[in-house]
Structures are given as structure tokens and as C-alpha cells.
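Residue numbers (the numbering used here): 11 to 409. By construction, the Cβ of each residue, glycine as well, lies at the ideal position given by its N, Cα and C atoms. See structure below.
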Ligand SMILES: [Mg+2]
């Protein structure tokens, strides 16, 4: 199926000059006035000044508290003295079991999942960190296992599959390394899709010309105009934090991040102050807290939920009662996607969590190992029921 340029949010061919209107991005995506932001013939954006006093001092605005709690301690494990078995804290497990009554394990409720999918086409959306890869102290070492890669590859053989991550698109592509997927990086602000999607055989056609990953692609980047601003912020942060031992600044194209996991805790207020001072000059950027990282990103009404909707639209698969989107993710940013699916009554979210959490998902999985088990089960189910599933009428296939 060709991607249609007439969609409400069409996929844009890359590159799009930043001094031209961005097709398909409604002005409502930019809640702040463009007044004061001008584009020169180059990529420079003049920065509107924020009124003084709009950002509080770091010691009084909760930043430091958020920094301290940005990596909650992992679930306490008690080693059984009589065997090598690891026994989870009983209280936590009791709460988890109660929670699972409300958000059943997608493995235990697999029959329920497949009965919903029986006459429908599954579209799979997967977060990366904490979903396909374990959460580790060093984000550069959050590798997915070969077994998980193989499970995702098998899933993509049968269902259109997208990775939607907070990481930059290039970074997550390198970590996953599968060409047959869609990739949405920077919390969905940087989406790479194939040129065409052939629904008949689940084939993603990347065309004849290529990008650096070896294929022709379409990019959708609703925050594209912020790229020069983020570059500038990145340079400023590199400069302002260069004297702080262990601080690491990264440019993720749509987000500049300052990692402080290797910074002595007594210097965290200095890190916070650097970012705080910078934000005073950029009213169209905001701070978010990640795991031992401060992230500076555009104020834009775009999230993983909108990315999911955009991808479904682009594939011609949205609003169809014969399509079942499934989104698997583990953190707060994934809730936007769970919500889109729940409120649109189109498929469901699966929350990956070893502890009870409030969520908009319908099902749960405890950890990436269970995600892999679920994905493999889905592939096995599809292989066993292929003939039956193939009989589903493609009533909306493009002519
Ligand atoms: Mg995650």
C-alpha cells in the first residue's frame, strides 16, 4: 500500500527545508507563538527571551528531589539461605498478584489475546529500554539479546512492527539492527517508515535509493524546526558542564541530555543549575527527568501516542475493526500510547513492570524475558493459524 500524501499527518520526504512550512503538522502542535522565532537562509533560529522569574531556583522547585528519585531502587530481593533460589519480597509479590487481577499477564491471558486477534491483523509497537532490553546502569550498554532480536524479527515477519523509543532514531536502530521494522525515535518525534507497505504479504518496501541505513525512507519529524535550537543547547551545555567530573552531554537531535550517573552526588546541584540557567533562555524547551539524566526537549504536543496514531494512519490501518494494534512498553512515556489505544477502542497496551503501577494498559508482563516469551508465543500461534488468518478479508486494501 502506498503511503498517502492526503493523510491528515502525511509522512514527509526527507529533507524538508526548515524555512518552509512543515506539511501536515497542524499549528496546534506548537502551543507557543512563533512570534520572535525567525529563520535565516541557514538553520539559525533566534531565541525568544523568557520573562525573568519563570523558572525557580533548583533548590526550591523540586529538581533535586526528582534527580534523587530518578532511578528508584530495584525490587529488594532476598536470597534464600537454603538454596540458590531468589525469593522476591512477599509483600511486594502479594501486591503484584492483586494488581495482576486488574492487569492480567499477557502470557496467562494469551488465549484472550489471540481470541481478540483471531479475525484481525495485529500491528506490533514495541518500546526498547526495559521492554526489549534490560534496564542497566549504563544506557550505552542496554543491549538486547540475540534471542530477543530473533523474536522481534519473527514477529515482524507476520505483523507490521515498529520500535518507538525515547532514544534517538539512529541509536535505537543501531541497537536493534533489523531493517524490516519502523523506527520512531525521540519519543516519536522522529519517525522513519518505509516508502510503501504491502498489506498482502506484510512487506515493507523501502524503494531503490537509499539512506545511510541502506534504504529509501520517509521521515516524519514534527519537531524538525527545533533541531538547530537543540544543537545550540547541546553546545552550551557541553561548555557549562565541562568542569564537572563525570557529566556527559548528548545531542539526540530532538533532545539534549545531561547524564549525571557518574557525577558525585554533591555536584548534582551544579548540574541542575546549569540546565536551569539554560532553560531561562529557551521558553520553547522544557525539562524532563529520565534515569539519572536531565533532558531538554521541545514543548510540542507530540508523544508516543501520537506517533502510534501517525504510523497507523500512514499504513492505512487506523480506524479499522479488522486491525488490532498491540503496544508493549514499560514507562510513563508509553502511557500516552496505551491511552490512545484504550480510548480509541483499537487494540491494547501491555505494561512491562515487576511492580504494581497505575496504567492505561490492559495487560502486563513482568520483564523483558516475559516480553520475549509473549512475542514467541504470538509467532507460534500465527504459524499454527496462518491459513485461518489469511482468510481475513482485506476489505480496505489499496487498489
Ligand atoms: Mg522503556
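Among the options, the one whose alpha carbon lies nearest that of residue i
i	options	result
residue 362	136, 131 and 170	136
residue 77	151, 250 and 297	297
residue 344	324, 242, 320 and 198	198
residue 244	278, 289 and 115	289
residue 103	366, 241 and 240	366
residue 75	341, 395, 282 and 310	282
residue 171	157, 194, 178 and 177	194
residue 181	166, 167 and 202	202
residue 279	304, 291 and 300	304
residue 115	392, 391, 242 and 383	383
residue 148	300, 339 and 313	300
residue 229	200, 242, 190 and 311	200
residue 396	144, 312, 241 and 167	167
residue 150	258, 394, 360 and 276	258
residue 106	190, 394 and 368	368
residue 145	109, 326, 339 and 173	339
residue 326	313, 190 and 131	131
residue 317	108, 173 and 109	173
Short Cβ contact (7 Å threshold) for residue i with residue j
i	j	result
residue 302	residue 270	yes
residue 335	residue 186	no
residue 266	residue 315	no
residue 163	residue 142	no
residue 127	residue 385	no
residue 10	residue 247	Because the chain spans 11 through 409 in this model, residue 10 falls outside it and cannot be assessed.
residue 263	residue 155	no
residue 138	residue 175	yes
residue 309	residue 294	yes
residue 389	residue 165	yes
residue 349	residue 370	yes
residue 387	residue 120	yes
residue 124	residue 391	yes
Supposed close pair residue i, residue j - CB separation, criterion 8 Å
i	j	result
residue 113	residue 373	6 Å
residue 117	residue 375	7 Å
residue 324	residue 284	The Cβ separation is near 39 Å, so there is no contact.
residue 158	residue 364	That pair is no contact at about 17 Å.
residue 140	residue 341	6 Å
residue 192	residue 322	With 8 Å as the limit, residue 192 and residue 322 do not qualify as a contact, their Cβ atoms being about 11 Å apart.
residue 241	residue 261	7 Å
residue 239	residue 183	Contact doesn't hold; Cβ gap of about 24 Å is too wide.
Beta bridge counterpart(s) of residue i as assigned by DSSP
i	result
residue 154	Answer is none; residue 154 lacks a bridge partner.
residue 300	303
residue 374	115 and 361
residue 140	Answer is none; residue 140 lacks a bridge partner.
residue 200	195
residue 339	361
residue 246	Paired residue(s): none; residue 246 is not in a bridge.
residue 308	295
residue 273	None; residue 273 has no bridge partner.
residue 267	260 and 305
residue 228	203
residue 131	333
residue 172	135 and 192
Counting Cβ pairs, one atom from each stretch, are 3 or more of them under 8 Å apart for the stretch 230 to 238 and the stretch 246 to 254?
no
Do the stretch 350 to 362 and the stretch 322 to 341 make contact, defined as three or more Cβ pairs closer than 8 Å?
yes
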